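Q: Got a structure here, written out as structure tokens. Questions coming.
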Amino acid sequence: MIYFETEFDYDQVVDLIGKQKHFRYFETRSQEIFDSHVHHVLLRDESTYVGYGHLDAELNKLWLGMCVFDPHQFKGYGKAILKNLITRFTRIDIQIKYSKIHLTVDKENFSAINLYLSNRFRIVQQTDSIYYCERKCYV
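The sequence shown begins at 14 in the working numbering and counts up by one.
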């Protein structure tokens, strides 16, 4: 059975995420940024943490970030985290400020790209290595 936890601290998340190949968010973000997240969640399957996600307001945009820890990928956890974050976004108090969710994804992270595209995100910009995506959300 999976559980979503919303009460945890910065150091716990940084330790769990470690050196995940496709999630470098905490390499450039401080605890102060973490503390200002609109919403964040750790996903646990029984007693094992398997992923992390957040909604972060930055530069007048709402950004989604998520990571399924390497040994737990391809088991549906990414879809569960994404659903949790989108459900949280559709609360009216967040939608009043933001009409879209934004994210970036490495071009080589094919499973994440497929997850996002199959959940109504669209690619709006790209660099040599990253896609910028967005999704309009409605209540």
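Note that beta-carbon positions come from the ideal geometry of N, C-alpha and C, so glycine has one too. Please read these numbers as outputs of a predicted model, since none were measured by experiment.
I'd like the span of the alpha helix (DSSP H) that includes G91, first residue to last.
A: Y90 to F102
Q: Quick one: what does DSSP say Q179 is sitting in, helix, strand or coil?
A: The shown model of the chain, from 14 to 152, leaves out residue 179, and the question about it has no answer.
Q: Where E18 and K92 are concerned, what is the direct C-alpha to C-alpha distance, given to the nearest angstrom?
A: Between E18 and K92, the C-alpha separation is close to 16 Å.
Q: Since T41 sits in a beta bridge, which residues does DSSP pair it with?
A: Under DSSP, T41 forms no beta bridge with any residue.
Q: Using the beta-carbon count (16 or more within 10 Å), is M79 buried or exposed?
A: So M79 ends up on the buried side.
Q: Taking just the CA atoms, how far does L98 sit from Y65?
A: 10 Å
Q: Quick check on E45: buried or exposed, where buried means 16 or more other Cβ atoms within 10 Å of its Cβ?
A: exposed
Q: Whole-angstrom Cβ separation of L75 and Y111, contact assumed at under 8 Å?
A: 4 Å
Q: Within 10 angstroms of the Cβ of F87, are there 16 or more other Cβ atoms? Answer buried if so, exposed if not.
A: exposed
Q: Which ranges does the alpha helix (DSSP H) cover as unbroken runs of at least 4 residues, wholly within the segment 115–142, from first to last along the chain?
A: Taking only runs of at least 4 residues, the alpha helix (DSSP H) segments lying wholly in the segment 115–142 are 123–130.
Q: So is F36 buried or exposed if we call it buried at 16+ other beta carbons inside 10 Å?
A: buried
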